[in-house]
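Numbering of the first sequence is given in the numbering used here, commencing with residue 2 and proceeding in unit increments. First comes the structure, then the notes that go with it.
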Amino acid sequence: MKHATAPADRAAELRARLNDASHRYHVLDAPDIPDAEYDAMLRELEELEAAHPELITPDSPTQRVGAAPSREFAEVRHAIPMLSLANAFSDEEVADFVGRIRKQLKLDESVVFDFSVEPKFDGLAISLRYEDGVFVQGATRGDGEAGEDVTANLRTIKSIPLRLRGTDWPRVLEVRGEVYMPRAGFEKYNEMARESGGKIKLLINPRNAAAGSLRQLDPRITAKRPLAFYAYSVGEVEGVDLPAAHSATMRKLRDWGFPVSTLIDTATGVEGCLAYFKRIGTQRDALPFDIDGVVYKLDDLAAQGALGFAGRTPRWAIAHKFPAQEQTTVVEDIIINIGRTGAATPAAKLKPVFVGGVTVTNATLHNADQVARLDVRIGDTVIVRRAGDVIPEVVSVVLDKRPAHTRPWKMPTHCPVCGSAIVREEGEVVARCSGGLSCAAQRVQAIFHFAARRAMDIDGLGERYIEDLCDLGYVHSVADLYKLSLDNLLDMKRRADERDGTTPETVKAGKIATKWAENLIAAIAHSKRTTLERFLYSLGISDVGEATAKALARWFGGLDALIAASEDELTQVPDVGPIMAAHIATFFAESHNREAIEQLRAAGLVWTESEPQREAQGALAGKTVVLTGTLTTLTRDEAKEKLEALGAKVSGSVSKKTSFVVAGSEAGSKLDKANELGIEVWDEARLAEFLRAHE
DNA sequence: CCACCTCGAGTTCC
DNA sequence: CTCGAGGTGG
């Protein structure tokens, strides 16, 4: 025999050491032995138990995935009901909550209450029962009175102790807490599911994933899900008196081996609670798990007892919720937007819904593939999310709520605006209206792009006005903008107001309208003085954005040289390949484009031309710089301009080719990436100093 | 041919 | 911000 000790002693030792290592790894987040050593010990224990089945105990780490699939879950009645919490959505409601406590305890204003405060995890509430220090049963909340026995599934969760640590625990202990799925585990699981090519289903969100995972009949499936647990209260306790304060009880639970959130804290009075709410709110997006608010619990357990319950919720606790980041709503319609390049993008028109602090009515569906993947149909109930970013997205369809007689959505075959065929090139994701500039939608978008701030910068000329001017026939092409008269604009404005039924026809209104029109005419005139790169960008040549426009302007120095360039010559320009060269050459070869350019020149557009510049020069020649965060002494555009004037290339994404990153305040992912790649980071002061020195 | 880097284009709400 | 696709360099 390998070990001189008796098998029973060796098994007990292995169990103790494995459980201890597991606690350090999953609860304390501070592993003390290498994974390989853990695996070796686990294997040894498995072999030992295989040889001596009588040595298997319920708290053995080999028993985390043991039981065979069950057919259904047994009912478990909770000795002490698992209650839900009342919700507060505003500071006032929190103040009311504290006010009610004060009133019921008949205490005056001079008394301030201490609260135990903690994040509210977005998961699934469960109850864990320990007898003589060993985990014997776990149950879901169910209706609060009785839930389902999910013991086998809970055993697979590594942060749930199978045996309590220490010795001062009660003979019977029920611990309540939340099973959740950490974001990283959720992402990783879905990545794996995506790679499986549809064989493994994607999880919708961490919350549903946690709930779904616990309700698996086969614990082997649950074991594959990255679940975790946090304890937040106790239920039945027998044999030992717990501390007099909730916060002290939580510390006890931590000693006994339960994971208790490190964000748990105590707060004094309404102000303390609200400050905690604010603090957690700012951390929310950065947390490794989803939370939907914070919970305030009166810390004094005697006072809790005196307050009791109101209906099914305790009077001594409340959940202060963040505005929901996910909501369900109904898809009222699916429409098509036609972009500048003709791209036909489907968008869901939603029944207005309040998500993440704003009312959402539209959500892009990106393309036909995305619609097919989600199988979104008109009339469907969908889950809408407004995640850390701003743009709402349709996460999934709630199939249970799909009305009868719906049909899968299909990309229309013809453009809803101009009737031209919508075509999707082989291998392309986007479908496009083939109408070109004869499509009114594309024309409006092209003119809108031309007038945009980063292009010709015509202040005050928005999409709506362009649409109206086109509809009325005042504008057909970009050159027509420079032919607009004051009367044209006033006529357009009058008709728009009439149609919208807004402005009354008074002398004062007339004067305001005239002023508006004069300003717009002035803005249009002002735009005539521009730069070659802005002009090139504003033409809207496919694949020619700001960066390419700048490269072309530098390389050729003047417009005529560019127009005369062959495809081969264009390919010489940095970052221009055969495809872009073809687009550019084709654009200038088309007579109507040449005419439009001539008309614009005739209208008085001017820019300074220069000698071709084919080598970068300046103090930062050859350097690639990325700007991130908020700068205080100058705008990001100004910083970009100054850096480029010194020969730097200012790029939008950090890579190992980046020379250095300039980080302002509240810098986000780009700064993280820079640190990750070990790229030099400048703060604003250093940039300012450098710019001063090289002026 | 592949991996990596950029750029372009589309997007929502106030 | 994110996705898709073009360009480039190994």
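Glycine included, every Cβ here is placed at the ideal spot set by N, Cα and C. Computed from a predicted structure; not experimentally measured.
By alpha-carbon positions, which one of Ala369, Cys274, Glu690 and Gln326 ends up nearest to Ala96? For the residues Ala369, Cys274, Glu690 and Gln326, the minimum Cα distance to Ala96 belongs to Cys274.
Using DSSP bridges, identify the partner residues of Asp301. Beta-bridge pairing links Asp301 to Ala246.
Evaluate Met193 with the Cβ neighbour count: other Cβ atoms within 10 Å of its Cβ, from every protein chain shown; 16 or more gives buried, anything less gives exposed. exposed
Gly357 and Pro324 look like a contact to me (Cβ under 8 Å); what is the Cβ gap, rounded to whole Å? 6 Å
Write down every uninterrupted run of the beta strand (DSSP E) in the region 76-101 whose length is 3 residues or greater and which is fully enclosed by it, in chain order. 76-78 and 87-89
Taking Met457 as the reference, which of Glu534, Gln443 and Ala348 has the closest Cα? Among Glu534, Gln443 and Ala348, the Cα nearest to that of Met457 is on Glu534.
Are there 16 or more other CB atoms within 10 angstroms of the CB of Arg386, so buried, or fewer, so exposed? Its Cβ being crowded by 16 or more others within 10 Å, Arg386 is buried.
Would you list, in sequence order, the uninterrupted alpha helix (DSSP H) runs of no fewer than 4 residues that lie entirely inside the region 524-555? As for any alpha helix (DSSP H) of minimum length 4 sitting wholly inside the region 524-555, the runs are 533-539, ordered along the chain.
According to DSSP, Gly148 sits in a beta bridge with which residue or residues? Val77
Buried or exposed by the 16-neighbour rule on C-beta atoms within 10 Å, applied to Val399: exposed
Say whether the region 479-493 touches the region 599-607, bearing in mind that this needs 3 or more beta-carbon pairs closer than 8 Å, one atom from each stretch. yes
When you compare each of Ala7, Ala548, Asp36 and Ile81 to Glu50 by their alpha carbons, which one comes out closest? Ala7
Three Cβ pairs or more, each shorter than 8 Å: is that satisfied between the region 575-584 and the region 544-564? yes
When you compare each of Tyr181, Val651, Asp498 and Glu132 to Glu237 by their alpha carbons, which one comes out closest? Glu132
Option nearest Thr407 by Cα separation, candidates Ala212, Gly178 and Asp376: Asp376
Let me know the beta strand (DSSP E) ranges lying completely inside the region 121-188, each 3 residues or longer, listed in chain order. Whole beta strand (DSSP E) segments, 3+ residues: 125-132, 135-141, 147-149 and 173-181.
Using a 10 Å radius around the Cβ and a threshold of 16 neighbouring Cβ atoms, would you call Gln706 buried or exposed? Because the chain spans 2 through 696 in this model, residue 706 falls outside it and cannot be assessed.
In DSSP terms, what Val28 is bridged to: Bridge partners of Val28: none, in fact.
Assuming Glu175 contacts Ser262 (C-beta within less than 8 Å), just tell me the rounded distance between them. That belief does not hold up - the Cβ atoms of Glu175 and Ser262 are roughly 19 Å apart, past 8 Å.
By Cβ distance below 7 Å, which residues in the same chain neighbour Gly143 in space, the five residues on each side in sequence not counted? Glu149
Thr330 vs Lys298 beta-carbon contact at 9 Å: no
Please report the distance separating the alpha-carbon of Arg454 from that of Leu560. Their backbone Cα atoms lie some 21 Å apart in a straight line.
State yes or no: is the C-beta of Ala268 within less than 9 Å of the C-beta of Ala87? no
How long is the line joining the alpha carbons of Ala514 and Asp370, rounded to whole angstroms? 46 Å
Only counting the same chain, and skipping five residues up and downstream in sequence, which positions put a Cβ closer than 7 Å to that of Gly134? Arg164, Leu165 and Trp170
Label Gln446 either buried or exposed according to how many other C-beta atoms from any shown protein chain fall within 10 Å of its C-beta, with 16 as the threshold for buried. Under this definition Gln446 is a buried residue.
According to DSSP, is Lys328 helix, strand or coil? The amino acid occupying residue 328 in the given sequence is Gln; Lys does not appear at that position. Gln328 falls in the strand class under three-state DSSP.
Backbone secondary structure at Ala320 - three-state DSSP: The three-state secondary structure of Ala320, taken from DSSP, is strand.
Cβ-Cβ distance between Leu308 and Pro244 below 9 Å: no
Could you check what DSSP says for Phe589 in three-state terms: helix, strand or coil? helix
Would you check if there are 3 or more beta carbon pairs closer than 8 Å linking the region 675-682 to the region 641-650? no
Excluding five sequence neighbours on each side, which residues of the same chain lie with their C-beta closer than 6 Å to the C-beta of Ala75? Excluding sequence neighbours, Ala75 sits near Asp150.
Using 8 Å as the Cβ pair cut-off and three pairs as the minimum, do the region 105-113 and the region 27-39 touch? The region 105-113 makes no contact with the region 27-39; the number of CB pairs closer than 8 Å stays below 3.
Taking C-beta to C-beta, are Arg172 and Gly240 nearer than 9 Å? yes
Rounded to a whole number of angstroms, what is the C-alpha to C-alpha distance between Ile384 and Phe187? When rounded, the distance between both Cα atoms is 18 Å.
Taking 9 Å as the threshold (C-beta atoms), are Leu563 and Ala518 in contact? No, Cβ-Cβ distance for Ala518 and Leu563 is not below 9 Å.
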